[in-house]
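Beneath this line is the structure, given in structure tokens, with notes to follow.
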Amino acid sequence: MDGLRWSRVLLQWVKDSRLIPCECDSIEQCSVEEFYQQFRSRIHQTVALPEDSIISFLRQHFPHYELYLTETGQIAAPDHFYIFSLLLFFSCVRHPERFFQQICNGFDKPQQYAVTAFLKSMLESAQMRQEIDRMMIRRSIQDAMPQTMLPPETPPNPNPAPLQRESSRLSLPSRFTSSTVSSGDIVDGSPLRLGRQPPKISPPTPKTIILDERTKQLKELKAQLEAERYEKGYLEVQLKQLQDKNEKFLEDKRKYVKEIRELRTELQACNRENESPNKQRGADHKVARIERLLAEKEEALDRLRIELETVAENNRNSTEM
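For the sequence shown, the positions run 1 to 321 when full-length UniProt numbering is used.
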């Protein structure tokens with residue numbers, strides 16, 4: 001899968017929408033949260049979105065999509081690639097909004113065919129009751145990019161001007177969603193129109209059936225391999241971040257243990273020297289405060305250790321695949 005080409009299509013879609021200032025060179029640099037707020041307002045006439053954040057939106061409308069978040073709870077930059085793809089699908093297929101469809105109509109032909117093939121693949125997968133997850137998105141992009149950067153050939157037309165005007169538009173009207181179930185995943189099977197009649201398909205032969213099946217399996221394997229490479233790379237980055245965080249906690253723990261030991265030694269010396277009760281009470285309060293901080297650090301360290309072991313296990317499983 002050529003994810004770079006698809007990310008350029010997504011970036012063009014975001015820029016042409018003019019919903020947010022976007023002088024970025026990649027889709028990962030775009031603010032997905034800021035875009036969602038404007039997206040939510042723009043699509044309001046078609047469908048009301050009560051979810052006030054992109055994370056809430058994804059969990060409500062795409063519950064099977066697993067988000068990757070940073071340690072501060074923010075969406076990881078590589079996930080922008082998937083999230084903008086879902087927003088494109090949501091606004092052009094699940095709840096068609098003319099504004100977003102018209103943006104696609106303004107694309108050049110290769111981009112139009114890429115978008116249409118992506119949406120068609122997502123639509124067909126949804127009709128087969130497949131869960132919309134990371135793998136399904138990658139598979140749809142895999143279906144879109146290699147074959148759709150050049151439009152299919154058409155028979156000669158004696159009147160090329162009308163054909164050119166018609167084929168320059170990407171037809172994404174309400175035919176996409178003439179019927180939808182409550183979950184929003186299933187849409188009717190109306191064929192996607194690209195401004196021209198599809199060529200007649202010859203009856204399949206046993207040889208072509210086998211070839212098509214093997215081609216489909218190869219695409220799925222390529223998409224799976226690409227996804228596993230991405231997952232493994234992200235897990236390695238996450239593991240390194242957690243290891244650094246773990247080292248910081250261990251350093252803090254050693255510091256607090258040392259301070260408590262010194263304070264307790266000082267307290268014992270005070271008792272032996274029969275110093276004033278006020279000074280002793282002050283030392284007691286200081287020890288109690290640092291003991292409380294130490295307990296908090298130890299609790300956080302335990303949580304981090306569990307998280308670290310989970311990520312390490314996921315990384316091992318990814319390596320073994």
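In this text, a Cβ means the ideal position worked out from N, Cα and C, and glycines have one as well. Note that this is a predicted model, so its numbers are computed, not measured.
Residue of the options minimising C-alpha distance to residue i
i, options, result
"Ile260", "Glu236, Arg289, Gln241 and Leu242", "Arg289"
"Gln74", "Pro63, Lys245, Leu119 and Ser56", "Ser56"
"Phe62", "Ile137, Gln142, Val14 and Lys297", "Ile137"
"Pro284", "Gln60, Thr265 and Gln102", "First, the amino acid is wrong: residue 284 is Asp here, not Pro. For the residues Gln60, Thr265 and Gln102, the minimum Cα distance to Asp284 belongs to Thr265."
"Lys297", "Lys258, Glu262, Ile306 and Lys253", "Lys253"
"Glu299", "Ser26, Leu250 and Val93", "Leu250"
"Pro110", "Cys24, Val9, Lys255 and Glu262", "Val9"
"Lys258", "Glu291, Gln241, Leu239 and Glu247", "Glu291"
"Gln101", "Tyr36, Val14, Leu49 and Phe35", "Val14"
"Phe81", "Leu49, Pro50, Gln38 and Arg5", "Arg5"
"Gln60", "Leu119, Ile132 and Gly3", "Ile132"
"residue 335", "Ile306, Pro50, Tyr36 and Val47", "This structure cannot speak to residue 335, because the chain is shown only from 1 to 321."
"Glu262", "Lys286, Lys248 and Phe35", "Lys286"
"His95", "Lys120, Leu119 and Val47", "Val47"
For residue i, the three-state DSSP class (helix, strand or coil)
i, result
"Leu67", "coil"
"Ile20", "coil"
"Ile83", "helix"
"Trp6", "helix"
"Ile43", "coil"
"Val257", "helix"
"Ile55", "helix"
"Ile75", "strand"
"Ile132", "coil"
"Phe62", "coil"
"Thr205", "coil"
"Leu123", "helix"
"Leu293", "helix"
"Asp252", "helix"
"Ser31", "coil"
"Ala288", "helix"
"Ser26", "coil"
"Leu49", "coil"
"Asp212", "helix"
Proximity of residue i and residue j at Cβ, strictly below 9 Å
i, j, result
"Ala76", "Leu69", "yes"
"Arg129", "Tyr65", "no"
"Ser17", "Arg40", "no"
"Ser85", "Ser140", "yes"
"Phe99", "Met122", "no"
"Ala144", "Ala117", "yes"
"Glu71", "Lys232", "no"
"Leu58", "Ile83", "yes"
"Glu33", "Ile54", "yes"
"residue 323", "Glu124", "A question about residue 323 goes unanswered here, because the residues of the chain that appear run from 1 up to 321."
"Pro203", "Asp212", "no"
CB-CB length for residue i against residue j, believed under 8 Å
i, j, result
"Leu67", "Asp79", "6 Å"
"Phe107", "Gln12", "7 Å"
"Ser7", "Ser26", "6 Å"
"Tyr256", "Leu293", "6 Å"
"Lys222", "Gln112", "Not really, about 24 Å apart at Cβ, beyond 8 Å."
"Cys104", "Val115", "5 Å"
Test: residue i CB closer than 9 Å to a CB of chain C
i, result
"Phe118", "Among the chains of the structure shown, chain C does not appear; only one protein chain is present."
Quick one: complete beta strand (DSSP E) runs, 3+ long, within the region 85–117? As far as the region 85–117 is concerned, it has no whole beta strand (DSSP E) run of at least 3 residues.
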